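Below: the structure, in structure tokens.
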Amino acid sequence: MSDIAIELRGIDKSFGLVHANKDINLTVRKGTIHGIIGENGAGKSTLMSILYGFYQADSGDILVGGNKVTIKDPNAAISSGIGMVHQHFMLVENFTVLENVMLGAEDSQILNTSISKARVELKRLEKEYALEVNPDALIEELPVGLQQRVEILKALYRKADILILDEPTGVLTPPEADHLFRILGQLKDQGKTIIFITHKLREIMAITDEVSVMRRGEMVATRKTKDTSVEELAELMVGRRVLLRVDKGEANPGAVKLAVENLTVRDSRGVTMVDNVSFNLRAGEIVGIAGVAGNGQSELLEAISGIRRAVSGTVLLNGKPIDVTGHADPGDLRNRGLAHVPEDRHHVGLVLKFDEAENGILGYHNDKRYLNGVFLDTKAIQVDAEEKIKKYDIRPPNPRLKTANFSGGNQQKIVLAREMERGPDVLIIGQPTRGVDVGAIEFIHKRIIEMRDQGKAVLLVSVELDEIRALSDRIIVMFAGRVVGERDPDATEGELGLLMAGVEGRKEAAE
Amino acid sequence: MSNPYAKLPAWAEYGLIPLVNLIVAFLVAGLVVLLVGENPLKAAYHMINGAFGRGEYIGFTLYYATTFIFTGLSVAVAFHAGLFNIGGEGQAYIGGIGVALACLWLDKTMPWFVVFPLAIVGSAAFGALWAFLPGWLQAKRGSHVVITTIMFNFIASSLMVYLLTRVLKPLGSMAPQTRTFEAGGQLPKLDWLLSIFGLDVGNAPFNVSFLLALLAAFGVWVLIWRTKLGYEMRTMGFTPSAARYAGMKEARITVIVMMISGGLAGLMALNPIMGEQFRMQLDFVQGAGFVGIAVALMGRSHPAGIIPAAILFGMLYQGGAEIAFEMPSISRDMIVIIQGLVILFAGALENMFRPAIGRGFATFGRRFPVAAQRGA
Ligand SMILES: Nc1ncnc2c1ncn2[C@@H]1O[C@H](COP(=O)(O)OP(=O)(O)OP(=O)(O)O)[C@@H](O)[C@H]1O
Ligand SMILES: [Mg+2]
């Protein structure tokens, strides 16, 4: 059976009480792109980590090219021809591309000969697969899309025939993602095998040959991509019909809750990231900020929520000013009815080493209901966590579990539950569904619209244009730190795309 | 999945790994002893016997351990907030002023149990004061505490030389030290505690500050895991950007934590000054501030780990002195090497055996279900 690249037989893996992989069978054909989808916590990353030697299966066999192998660590995976591109890149930030690619694969004791050999090889790979990067650029200076390319080069340099990509598009802008797909197409044409994990069913339909669906630790189905549909896949994943379109009624905008005027924000290097931005947000409406990542949306949210100091401008919350250019205090803003779901849940929204219950009070830890004087009321905190776990269906339902051990989507639900359950007047949300499965997206979208219908003001930033269009009542487009236009949600994707690329905007501004 | 190491059950994480590290440290130390032509088994015998062989030896071991519990806790508290306080040495030294003042003032008129609380407050206050400045400098000026606390160790040292040679020294005395305290400035020994186990404390200065150290350890546990301040400290220590997002006042917390840390280091001064020498001498801290770093490291910054780690180092001090005495070819410096090896394996090379042990668990893993583990 030489056309089979990888076969998994009866893979089983538990973490304590969590049965992450149950008797998994999977066959990946050589020279194909094989998609793997599944709800958050379904066990996709665990399965790939077993294949790549990070974890050991409790039982089951791995066959590579028809031969049984034991993969006890990533080195063993590499010698079996398996490479992995991690969701959180494992690159040395202050090394160059070349140094990163050869790191750990130096083939001579003398560094210089190693380097020159590696340079030649890297050039060859770049040419063969059209993966241009400057070998002497420092990683920290490269955009995410290029860093990912370096991860791919790293795997190819180690002669990987089988490439695993775990949610590679989560961090990419749409053009970067398109570019990645072209690269994957080329790799496939060269005979490489690719395993591709994603939550975006559209991507599955666009580039895979076959797709396998996991649910609650089990492999529930494998389909030929051309014989299936987005609807069927969503249903297989969640086990019920999923509403892929958002159902929402007319907005009933009320009083202005948040007024931003001439706000300007610079980053730590002094580059202007938000340039004289003004807009209003009313009660009972959702305003979406569209834009390619890195055009100032993140800094805008940070300034409004008091995390980053603005250079100039004013922001009024419920008619009263926020000291955005001075010492705005995020804790004080929470008391005044502003809640913030930050874009970066790993470094801002959560403390990964805390347990679930501890993260449930982050930012609200001054609230009397969690305290007995200066002491934490652990009982109250626990009860509160259990309620949210139930209401938001956070899995596994264990408030004592370390947050790092929850899957990405469930981590996001922990943050959302914390920020939404207060009934804030103004909710600002960055990337609400990054890395979140379709079932949870449906749930999160429903909750956001419910908030709006209760008369809350919602400011939404997302790089997913579909999401912006589905949820927003008004869309503001940012480009290079400026607001380049405002549109209705029924504006076409092409029209918004042009604005986001700064094409239309320049014309409009000139007029 | 960025963590290449499998997660281990708590008993392996906190019991097995430190034990393996320790055994290796002693094996390597044994090799060193072998190299100088001595019998490692004999050295080990003298070490163990010297630390635990008699009631008196145990008293000495626990006396040293008391000191190390205070300095270990001091380092651990700061560490939970992401601060590396290397100034325990200076803070303990300055803390001595508080003890000395209380004793010099009241030792002739008041019993020890009146002087002791005052000395506790005094030592903690002076230690806290000495840590306040570096904390404040970091909070307001961004000067890193690692640098400033080291510098403050030197300042403390010079200041104490001045005080002990000019101000606190009794007139006409040649020695750079205060006068010897009367009964009110002398802490009672814990001879009754040892006699419960049928041991005789002998000359060992094992005194009530040991109980204070245990109390402090419990207090630190409550502080870190049961108070709002502890919650804020841990947030800051793990993820500073999340602390900012949560509206925590980093500057304020930095200053408070440094003062608590300095106060704990200051308490250490009670043990030698009121418990052993009954006067304040030059250099009474004797490196205990630095040993505290190793103790905190080995005890994983958890009070339940710090107490056994402090006892271990107490044993190395006491038993080490015994080896040097019994086996002349092993000098004091050799003992320092052995202590260094323990620090190296228990602290710095913490992760050396983890992958292998992790693999062991993966192989036999099914039999040891990983209990969902608390943040503590
Ligand atoms: N190291 C670990 N310790 C304990 N539980 C774990 C560990 N790693 C994963 N889990 C649990 O195993 C289950 C599967 O997790 P996994 O990360 O494989 O899900 P996933 O399908 O990749 O989800 P997502 O789409 O959100 O990334 C989850 O319930 C998770 O909480
Ligand atoms: Mg995953």
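Residue numbers (the working numbering), protein chains in the order written: chain L, 1 to 511; chain E, 1001 to 1376. Note that CB positions come from ideal geometry on N, CA and C, so glycine has one too. Being a predicted model, the structure only gives us computed values, none of them experimental.
For threonine 46 of chain L, the three-state secondary structure derived from DSSP is helix. Under the 7 Å criterion on CB atoms, phenylalanine 1079 of chain E is classed as non-interfacial with respect to chain L. In terms of CA proximity to proline 1117 of chain E, E:Ser1209 leads the group E:Ser1209, E:Phe1052 and E:Leu1312. In this structure, the CA atom of glycine 1292 of chain E is about 12 Å from the CA atom of phenylalanine 1084 of chain E. The three-state secondary structure of phenylalanine 1278 of chain E, taken from DSSP, is coil. The three-state reading of DSSP puts glycine 83 of chain L in strand, counting E and B together.
Rounded to whole angstroms, the Cβ separation of glycine 81 of chain L and aspartate 161 of chain L is 4 Å, and the two are in contact under 8 Å.
Contacts with chain L at 7 Å (Cβ-Cβ) do not include alanine 1251 of chain E. Taking C-beta atoms as the reference points, glycine 38 of chain L and lysine 30 of chain L fail to come closer than 7 Å. For the stretch 2-58 of chain L, the full-length beta strand (DSSP E) segments reaching 3 residues or more read 4-15, 18-29 and 33-38 along the chain. Residues Val1033 and Ile1323 of the same chain have their beta carbon placed closer than 6 Å to that of alanine 1043 of chain E, with the five preceding and five following residues left out of the count. DSSP, reduced to helix, strand and coil, places valine 101 of chain L within a helical segment of the structure shown.
Using a C-beta cut-off of 8 Å, the stretch 1097-1115 of chain E makes no contact with the stretch 1328-1342 of chain E, since fewer than three inter-stretch Cβ pairs fall below that distance. Runs of the alpha helix (DSSP H) lying entirely within the stretch 1227-1311 of chain E and spanning at least 4 residues, in chain order: 1228-1238, 1240-1245, 1250-1267 and 1288-1298.
Contact between the stretch 299-311 of chain L and the stretch 487-503 of chain L is absent, with fewer than three C-beta pairs closer than 8 Å. By the Cβ rule, the stretch 216-225 of chain L does not count as touching the stretch 57-68 of chain L, because fewer than three pairs are nearer than 8 Å. Exclusion of the five residues before and after histidine 1144 of chain E leaves Gln1138 as the residues of its chain whose Cβ lies within less than 7 Å of its Cβ. Remark: C-beta atoms of aspartate 209 of chain L and isoleucine 33 of chain L approach each other more closely than 7 Å. As DSSP reads the structure, methionine 478 of chain L sits in a beta bridge with L:Val483. The beta carbons of valine 341 of chain L and valine 260 of chain L sit no closer together than 7 Å. Cβ-Cβ distances below 6 Å link glycine 1030 of chain E to Pro1040 in the same chain, with the five nearest sequence neighbours on each side left out; the list follows chain order.
At least one heavy atom of ligand 2 sits closer than 6 Å to the Cβ of serine 45 of chain L.
For serine 1173 of chain E, there is no enclosing alpha helix (DSSP H), as DSSP gives it neither H nor E. Under the Cβ criterion (8 Å, minimum of three pairs), the stretch 1296-1314 of chain E does not count as touching the stretch 1158-1173 of chain E.
At least one heavy atom of ligand 1 sits closer than 6 Å to the Cβ of phenylalanine 406 of chain L. DSSP, reduced to helix, strand and coil, places lysine 224 of chain L within a strand of the structure shown.
In the displayed model, glutamate 93 of chain L falls within coil according to three-state DSSP, outside both helix and strand. When CB distances to chain L are screened at a threshold of 9 Å, the residues of the stretch 1217-1234 of chain E falling below it are Val1222, Trp1225, Arg1226, Thr1227, Lys1228, Leu1229, Gly1230, Tyr1231, Glu1232 and Arg1234, in chain order.
Bounds of any alpha helix (DSSP H) do not take in arginine 216 of chain L, whose DSSP letter is neither H nor E. In the three-state DSSP reduction, alanine 380 of chain L falls in the helix class (H, G or I). Residues of the stretch 1242-1276 of chain E whose Cβ lies closer than 7 Å to any Cβ of chain L, in chain order: Ala1242, Arg1244, Tyr1245, Ala1246 and Gly1247. DSSP, reduced to helix, strand and coil, places histidine 179 of chain L within a helical segment of the structure shown.
At a C-beta separation below 8 Å, phenylalanine 1238 of chain E has these neighbours in chain L: Val351, Leu352, Lys353 and Phe354. The criterion of a C-beta distance shorter than 7 Å is not satisfied by valine 477 of chain L and methionine 451 of chain L. In this structure, valine 274 of chain L sits near leucine 263 of chain L, with a CB-CB distance shorter than 7 Å. For alanine 259 of chain L, the enclosing beta strand (DSSP E) has its first and last residue at 256-266.
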